[in-house]
Each structure stands twice: as C-alpha cells, then as structure tokens.
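J.: After the structure tokens below, expect a handful of questions from me.
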Amino acid sequence: MKKTIVVLTGMLLSFHAIQAQQFTRADTLRGSNGPGRSWWNATKYDLHLDFNLNDSAIQGYNVISYQSLNNDHAGFFQIDLQEPLEMDSAILETGNTQYPLKKQKLSFTREGNAFFVYLPGQAPIITRKHDINTIMPTSKNPGESPVQKQDSVSNLVIYYHGKPRIAKKAPWDGGFVYSSDKSGNPWVGVACQGLGASVWYPCKDYQADEPDSAEMHFSVPENLMCISNGRLRNIDSSHNGKNVYTWAVVNPINNYDITFYIGRFVHFGQIYNGEKGPLTMDYWVLDSNLTKAKKQFQEAPRMMKAFEHWFGPYPFYEDGYKLVDAPYLGMEHQSAVGYGNHYENGYLGRDLSHTGWGLKWDFIIVHESAHEWFGNNITSKDLADMWVHESFANYAETLFTGYYYGKKAGDEYVIGVRKNILNDKPVIAPYGVNEEGSGDMYYKGGNMLHTIRQIINNDEKFRNILRGLNKKFYHQTVTGEEVEQYISKESGIDFTKVFEQYLTTTKVPELVVKYELGKPFFKWENCVDGFDMPLKIYNQKGKPFIIHPTNKFLSAPKGVSTIKPDDNYYVNLKVIK
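Under mature numbering (1 follows the signal peptide of the UniProt record, and there is no 0), the residues of the sequence shown are numbered -19 to -1, 1 to 558, in order.
And the structure:
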C-alpha cells in the first residue's frame, strides 16, 4: 500500500508539473519581446497621477518618451495596463523642442492586460499561425508608411483611470497596499515585482527595456506626503486641498522599482563619504517611528561600507539613497528602499540561518539594499533569470556577516540557510513567459556562489569579479548567461556545468565514497552530464586535499583513509561501507 501511495503521489506531482508548464498567449505577450515591443526603446517615463484615497481610485497619464529602433516594424505599440484599469486615450506627440509638437490621437484595442496602440494609418488584422494569434498591421491607404523614422524620438501619452488591484500579501502578492499609522492617518504604498508595474501605470512592462530616466508627479491630500524615487524636485500646493510632489531619477530604472509611499512622514538623514564622494542617505519614517528609526537605521551606513567594498561604488549617487517606512515587509525600490521590518534585527526578529549571526543585523536593510547593485544596477532581461538578483542579494548577507564578524561567521551563516532549500523545481524558469523559477534562487543560489568562491580560492579575485560585474554591466539589463560567462572568464575557470547543475536541475551533487580493503574511492553522482567540479576534502587528520571526482570511481590521494567534504561546498555525501 505504501508503495502504491508513493507511485500515485509521484504521478500527481508529474501531472501538476506538466500543468504548470502550460503557458498561455497572455503569458507570451507579457514576457516576450513581441512585435509591439521590439521596434522601440523606452527612454523616459513622465508619470502624472492623482490619488483618491477615499475610494482607492487613481487617475492620470504617463508620457512615454521612446526611440524608434528601425523602420521595419509592426506599426503598433504594445502598452501594458492590467485589469481593472482602463485606458482612456492615447496621444502621439512628434517633433522637437524648437517647434510645437504635433499631436495625434491614436486608436487602440485591448487583449487582457495588453493594449495595442496603432500608429497613424495602421489598423489591426488578426491572423492565426501555429495556434498563436499574431497581430499584423495593415495600412488604411495603399503605400502609406509608418510615421516613425529610425533614431527619431517621440512621446506616447497614455491617459488612464481605475482602481488598481489591492495586494493580499505584499510584497509577494503585488498591488496597492492600504494601511494606516497609529494616529489613523492613511499609509499607502505599492509593491509589484513579478506581477509588473502595469498593475498601476501604463508602460512597456518588459524587464529588458528600462527607461533611461523618470519623473513622477503624485497628487495627494495636503495633510499627507508622498515619497518616491530619486530626488524631490518640487511641491506644488495650488491644487484644491492637494499637493503635487515631483520626484525624479536621472539614472535608468526598471519598471517595478518606480514607486510611491503616501503617509505622514518625518525626515532625517546623513552624508556618507563613499567611493564616489558624498552620498546623501535620507530616511523618511512615520513620526511615531522616529526614535526607533534613528537607532535602527545606523545599519544603513554600515551596509554601504560593506557593499561598496565588495561590489564597488553605490550605483546611483546622483539619485541618492533612501529608506522609507513601508506598509509591507520591504522592497528594493531603486533609491527609495521600502522598509517594514518592525525595527528589529533579523527577518522580523528571526534568524533565517539558525546560527545566531542573522540576529546581528537588520535583514531588510541589508538584503533589499544589496539589490541596488544586483537587481537595479544589473537587471536580468527576463524574469526567468531572477537568480541574478536574488542569488547575489542572498549571498550579500553572507558577505556582510563576514565583513563585520569574520569569515568563519559568514561561512556559518550561508551553511545555515541551506535548511531553507526546497529543491522543488529549477531556479531558472522558462524564458519569454514572465515566469519565475524556484524560490531556491535565494538560499540555493547563495550557496552556489559560496561554492564558486571556494573553487576560485582567492577572495581578492572573487571580490574583483563582483566589482567587475557591476562595472562591466553598469546600468544594464543582462542575460543570466552573460553573468555566467563573465565569472568563468574572469576566474579562469569554466563554471558552465556548475551553473547548469545548480540553476537548471533540482539535483544536489552527491559525492559517493566507498571503501575497499580500508581504502576510499570516490565519484560524483546525481549530476548533469560532464559535471566537472573540484572539491576540497579533509582526511582523517583534518588535512585538506583537492580532489577532482568524475562519474567513475577514483582512488583517494595518498595519505587519505577517510574522506570528509568541506562544508563550504554545497554537496551531499553518501558513504558505501
């Protein structure tokens, strides 16, 4: 009976795994660089938004500045805006600053959360090919060509309104978050990583294309404040009981990082003398949290010192660094990191490593700020490669621990978090469908990087690789493969199979040791074809050796009668007596 149950369970798991891979056209529209996206590059977002906090409605528009990349394009934009929000109109503005802009109202159609906005002279034709709907343009007038020319810069203005989705459990379930402070004042924010920024404003919701800069103009009741990314440019108080806060970033920013925090905030700050000079570090907190924040946020300059050491200069000196009280646990909003860790060390007062080291520092300040380097400075082109964000941010916790409490403490921390690894599905998800891989991208990804660090066996070289990544891919979107290749090249070690093992399978490399006449033999099992990873072991006297297992048994080095793998490598051991 037990065997039958196991078999049925396995069948059910396989069935659900197959079901999970059934992606829809909507997934492809959301996650791929389709014909309505590939021909243009977003260069700036200029978002104007009015908040009605009484009924959770918003109304506004986004001026999307863009550059046409080629003349041979589909003749329409794909603009993403999630239900139940509605697009009211689309206006094309063309020209330059020396002449009045030409404004043309454009037609559009909707398919779920995607709007297709047609250039003048274009109308949609729906064709079916290989069971996938493909929208192709047709010119209303024979011989008429699209108005956009290569290298031209124009604006697409999208007006919209509605009541955005409310998050059930932010930041894991995205949307607006409505809360209140201890005095009953509204406290509102948004978190939308994964779900997408189109849950609250119209955009090209495609991670590979970041606007080069952004401005945000938020209208809120005059008794409240609105904090956003970058620097405060202006507060306009002439709007019938509302103030319009204008914030701006001058650096590239991914869509889900654009954000707002509405509430009764107070401010304090400091100047940090970093690698690129003076850096403003500003803290916006609820007035009831001021005393606690002045103590807890002393962690922020300590974080900055450790991460500039390991990763290089903070990537957004021009926009500054901020921590802002958020009505959710936390989020890596660029230059405006959301903080909701209850002013406690650890993760809501818990140590995720169960070693004690995780209670020495504030998890949200450390982890979310690490994303300024890995996630915001370096952004994965596809959600499938989110390990580039989360594996490095997870390992940043280890580097922070080691920086302040010693390498042994860092090692103990990263080994401790292995208890959280599920090995439920691959870390890398299917590409082009806006799909994330396993949550193991955190703990398993961090342990993969720790293993790679052991193999390199030179912390100065490892540090230069981390700093080099942030210099080589400064303010860029990348593929996971580009990151993998950079690490292999700069280390002088081919880690291709190591990345394949830990990121694309659920298998943990297993060192099999058998003893014959008292002599140990070893080999790898549970590995991808061609897996070639050296391993540090210790013999019966605690002396270290480097071995190079293959998929066939090899004899142990001279002087080794017992084999114990170094705990810093994420591998399993199976002993055959």
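Each residue gets a CB set at the ideal place from its N, CA and C atoms; glycine is no exception. In this text the structure is predicted, and so the values were computed from the model without any measurement.
Take residue 519 and list the residues in its own chain whose beta-carbon comes closer than 6 Å to its own, dropping the five residues that flank it on each side.
T.: 525, 545
J.: Which runs of the beta strand (DSSP E) spanning at least 3 residues fall entirely within the stretch 30 to 108, listed in chain order?
T.: 38 to 49, 57 to 61, 67 to 75, 83 to 87, 89 to 92, 95 to 99
J.: Determine whether the beta carbon atoms of residue 480 and residue 465 lie at a separation below 8 Å.
T.: yes
J.: According to DSSP, residue 215 sits in a beta bridge with which residue or residues?
T.: 227
J.: Going by alpha carbons, who is nearest to residue 433 out of 145, 167, 471, 503?
T.: 471
J.: Tell me the DSSP bridge mates of residue 143?
T.: 39
J.: Sort 447, 360, 25, 102 by Cα distance to residue 561 and report the nearest one.
T.: No answer is possible for residue 561: it lies beyond the span of the chain, which begins at -19 and ends at 558.
J.: Within 10 Å of its beta-carbon, does residue 482 have 16 or more other beta-carbons around it, so buried, or fewer, so exposed?
T.: buried
J.: Quick one: residues in its chain with C-beta nearer than 6 Å to the C-beta of residue 552, no 5 flanking neighbours on either side, listed in chain order?
T.: 490, 492, 546
J.: Do residue 58 and residue 98 count as a contact pair if the criterion is CB distance below 8 Å?
T.: Yes; because the gap between Cβ atoms is below 8 Å, this pair is in contact.
J.: Taking the continuous beta strand (DSSP E) assigned at residue 504, which residues delimit it?
T.: For residue 504, the enclosing beta strand (DSSP E) starts and ends at 500 to 506.
J.: In angstroms, rounded to a whole number, what distance separates the CA positions of residue 391 and residue 334?
T.: 11 Å
J.: Are the CB atoms of residue 284 and residue 381 within a distance shorter than 8 Å?
T.: yes
J.: Taking the alpha carbon of residue 397 as the point to measure from, which residue in 337, 182, 3, 163 has its own alpha carbon closest?
T.: 337
J.: Between the C-alpha atoms of residue 162 and residue 82, what's the straight-line distance to the nearest angstrom?
T.: 45 Å
J.: According to DSSP, what are the bridge partners of residue 240?
T.: Answer is none; residue 240 lacks a bridge partner.
J.: Rounded to a whole number of angstroms, what is the C-alpha to C-alpha distance between residue 50 and residue 142?
T.: 30 Å
J.: Have a look at residue 463 and residue 454 and give me their C-alpha separation to the nearest angstrom.
T.: 9 Å
J.: Indicate the three-state DSSP secondary structure (helix, strand or coil) for residue 18 in the structure shown.
T.: If DSSP states are grouped into helix, strand and coil, residue 18 belongs with coil.
J.: Are the beta-carbon atoms of residue 363 and residue 229 separated by less than 8 Å?
T.: no
J.: Exposed or buried, what is residue 510 when buried is set at 16 or more other beta-carbons lying within 10 Å of its beta-carbon?
T.: Burial check for residue 510: the Cβ neighbour count within 10 Å stays below 16, so the residue is exposed.
J.: Identify the continuous alpha helix (DSSP H) that holds residue 282 and give its terminal residues.
T.: Looking at the DSSP string, the run of the alpha helix (DSSP H) that includes residue 282 is 280 to 292.
J.: If I'm right that residue 405 touches residue 487 with Cβ under 8 Å, what's the distance once you round it to whole angstroms?
T.: Contact flag correct, Cβ pair sits at about 7 Å.
J.: Please go through the same chain and pick out, in chain order, the residues whose beta-carbon is closer than 6 Å to the beta-carbon of residue 437, but skip the five residues on each side of it.
T.: 443, 472
J.: Return yes when the Cβ of residue 461 is within less than 8 Å of the Cβ of residue 354, no when it is not.
T.: no
J.: In or out: residue 416 buried (at least 16 other Cβ within 10 Å) or exposed?
T.: buried
J.: Can you list, in chain order, the residues of its chain whose CB lies under 8 Å from that of residue 204, leaving out five sequence neighbours each side?
T.: 166, 245
J.: Are residue 100 and residue 56 close, meaning C-beta to C-beta below 8 Å?
T.: yes
J.: Would you mind reading off the limits of the beta strand (DSSP E) that contains residue 351?
T.: Segment 344 to 351 is the alpha helix (DSSP H) holding residue 351; no beta strand (DSSP E) there.
J.: Here's the rule I'm using: 16 or more other beta-carbon atoms within 10 Å means buried, otherwise exposed. How should residue 111 be labelled?
T.: Here residue 111 scores only 31 on pLDDT, less than 50, and its place in the model is too uncertain to base an answer on.
J.: Tell me which same chain residues have a C-beta within less than 7 Å of the C-beta of residue 289, skipping the five on either side of it?
T.: 255, 256, 295
J.: In chain order, what residues of the same chain lie with their CB nearer than 6 Å to the CB of residue 588, ignoring the 5 residues before and after it?
T.: Outside the shown range of the chain (-19 to 558) lies residue 588, about which nothing can therefore be said.
J.: Does residue 127 pass the burial test, meaning 16 or more other C-beta atoms within 10 Å, or should it be called exposed?
T.: For residue 127, the pLDDT reaches just 44, beneath the cut-off of 50, and the residue's location in the model is therefore unreliable, although a value from the coordinates is still provided. Buried, by the Cβ-count rule.
J.: Determine whether the beta carbon atoms of residue 306 and residue 320 lie at a separation below 8 Å.
T.: yes
J.: Please report the residue range of the alpha helix (DSSP H) in which residue 465 lies.
T.: 461 to 472
J.: Select from 200, 198, 27, 550 the residue whose C-alpha is nearest the C-alpha of residue 430.
T.: 550
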